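Q: For the sequence shown, position 190 (counting from the first letter as 1) is numbered 190 according to UniProt numbering, and the numbering increases by one without interruption. Every residue, glycine too, gets a C-beta built ideally from N, C-alpha and C. Computed from a predicted structure; not experimentally measured. Structure incoming, see below.
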Amino acid sequence: MPGAADFGALHSPSPARVGVPSTFLSGVYGARLRVVGSSQVTLRHLIDLEDVPGPFHAHVAEYLRGHPEGGIDIVDGPVTDVMPELRGQTPRGWPAGSTWAQVPGLLDTETRRLVISGHDRPRLSALHEFGHAVDFAGGLWSGSKEFTDLYDRLGALSPYRAQPGVAGRQETFADAFAAWAHHRHWSDDARALSIADTLDLSADKKHMSIALDRYFSTLQDSL
C-alpha cells in the first residue's frame with residue numbers, strides 16, 4: 001500500500017474507465033473494497049467515491065485497516081444484506097417504524113465497515129457515508145472546536161442535522177463533506193453554493209458555506 005504522500009499524487013480516472021469494482025479504488029483499498037452487484041446505482045457510487053481527493057482515501061484506508069472486518073461494502077440490495085443483525089432496528093434520527101433496510105448507507109464504527117446500499121436516494125449517499133468515515137478516522141473532527149464553531153453559526157438546520165448532542169454535528173459534517181467532494185473541481189464560489197444548497201442554509205447564512213469550503217480544503221492540505 002502506498003503511503004499518505006503517494007496518495008496525494010494519485011488522480012481519479014475518467015468515469016468512462018471505471019469498472020466494477022473500480023480499478024482506482026481497488027488500488028487504494030485492495031480486498032477491503034467489497035462490491036456485490038453491478039447495477040447503475042452501484043457504478044455511480046464507485047464514480048462518486050473517486051471524486052474524493054487522494055489524501056482522504058489514504059486517511060480512511062488506514063482507519064478501515066484498524067479492524068479485521070474493516071472495509072467498504074457496496075451492494076445492490078439493502079445494508080441489512082451485509083449486516084443482517086440490524087434487521088428490525090430503527091436507525092438514529094429516523095422516524096419510529098423506520099428500519100435499516102430503508103437506509104442508504106452506514107458506518108459501523110465497531111467493525112469499521114462502511115456499507116453503501118443500492119438505494120438511489122439521496123443522490124450523494126456514498127459520499128455522505130464516506131464523510132462519516134473521514135470524521136471518525138480523524139478522531140471525530142465534527143466535535144473539534146473549529147467545526148463546532150462553524151456548526152453553531154449555521155443557523156436553523158433541518159431536524160436531522162439539528163439532532164441534539166453529537167449526532168447533528170456528525171450528520172452536518174458528512175453532508176457538507178459530500179457536497180464539497182462531489183464538486184471539488186468546480187470554482188470556489190460554485191462549490192460553496194453547492195454546500196449551501198445541500199445544507200439548505202437560509203439566505204443570511206449562505207456565506208457560511210464559504211467557511212465550510214475552506215475548512216475541508218484546509219483539512220485536505222493537513223493530511
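Can you tell me whether V35 is helix, strand or coil according to DSSP?
A: V35 falls in the strand class under three-state DSSP.
Q: From T111, D120, E171, L212, pick the residue whose C-alpha is nearest to that of D149; which is it?
A: Minimum Cα distance to D149 is reached at L212.
Q: Under the three-state reduction of DSSP, which class applies to residue 263: helix, strand or coil?
A: Coverage of the chain is limited to positions 1 through 223, which leaves residue 263 absent and any answer about it impossible.
Q: How long is the line joining the alpha carbons of G54 and Q220, rounded to whole angstroms?
A: So the two alpha carbons sit approximately 9 Å from each other.
Q: Which residues mark the beginning and the end of the beta strand (DSSP E) in which G70 is found?
A: G70 -> no beta strand (DSSP E), and no H or E assigned at all.
Q: Just the C-alpha distance for L193 and K206, rounded to the nearest angstrom, thanks.
A: Cα-Cα distance, rounded: 8 Å.
Q: Quick check: the Cα distance between L223 and H59, rounded to an integer number of angstroms?
A: Cα-Cα distance, rounded: 7 Å.
Q: Would you identify the three-state DSSP class for R214, choosing helix, strand or coil?
A: R214: helix per DSSP, three-state reduction.
Q: Would you check if the segment 79 to 90 and the segment 153 to 165 touch, i.e. whether three or more CB-CB distances between them fall below 8 Å?
A: Touching, no.
Q: Starting from L114, trace the beta strand (DSSP E) both ways and give me its first and last residue.
A: Its beta strand (DSSP E) spans residues 113 to 116.
Q: Going by Cα to Cα distance, which pick from S144, R214, Q102, R123 is closest to V41?
A: The option with the nearest alpha carbon to V41 is R123.
Q: Quick check on A31: buried or exposed, where buried means 16 or more other Cβ atoms within 10 Å of its Cβ?
A: The residue in question, A31, is exposed, as its Cβ has fewer than 16 Cβ neighbours within 10 Å.
Q: Would you mind working out which of R44, T90, L86 sits nearest I74, comparing C-alpha positions?
A: Selected option, being the one with the closest Cα: R44.
Q: Measure the alpha-carbon distance for H57 versus S187 and round it to whole angstroms.
A: The alpha-carbon atoms of H57 and S187 are separated by roughly 22 Å.
Q: Which first and last residues belong to the alpha helix (DSSP H) in which H183 is found?
A: Looking at the DSSP string, H183 is not in any alpha helix (DSSP H), and its letter there is neither H nor E.
Q: Say the cut is 7 Å; is the CB of P53 nearer than that to a heavy atom of the ligand NAD?
A: Because no ligand of any kind appears in the structure shown, any question about the ligand NAD cannot be addressed here.
Q: Would you kindly check if the distance between the Cβ of A174 and the Cβ of T198 is under 8 Å?
A: Contact: no.
Q: Locate the alpha helix (DSSP H) running through E146, then write down its first and last residues.
A: 145 to 152 is the extent of the alpha helix (DSSP H) around E146.
Q: Rounded to the nearest angstrom, how far is the Cβ of G143 from that of R169, given a contact under 8 Å?
A: Their Cβ separation, rounded to whole angstroms, is 6 Å, which keeps G143 and R169 in contact under 8 Å.
Q: Output needed for H67: all residues of its chain with C-beta closer than 7 Å, excluding positions within five of it in sequence on either side, in chain order.
A: Result list for H67: T111, R112, in chain order.
Q: How is R17 classed by DSSP in three states: helix, strand or coil?
A: With a pLDDT of only 37 at R17, under the threshold of 50, the placement of this residue in the model should not be trusted; the figure read from the coordinates follows. R17: helix per DSSP, three-state reduction.
Q: Buried or exposed: which applies to D6, given that a residue is buried once 16 or more other Cβ atoms fall within 10 Å of its Cβ?
A: Unreliable positioning characterises D6 in this predicted model, as indicated by a pLDDT of 33, which lies under 50. The coordinate reading is nonetheless provided below. Label assigned to D6: exposed.
Q: Please state whether DSSP places M208 in a helix, a strand or coil.
A: Looking at M208 - three-state DSSP - the assignment turns out to be helix.
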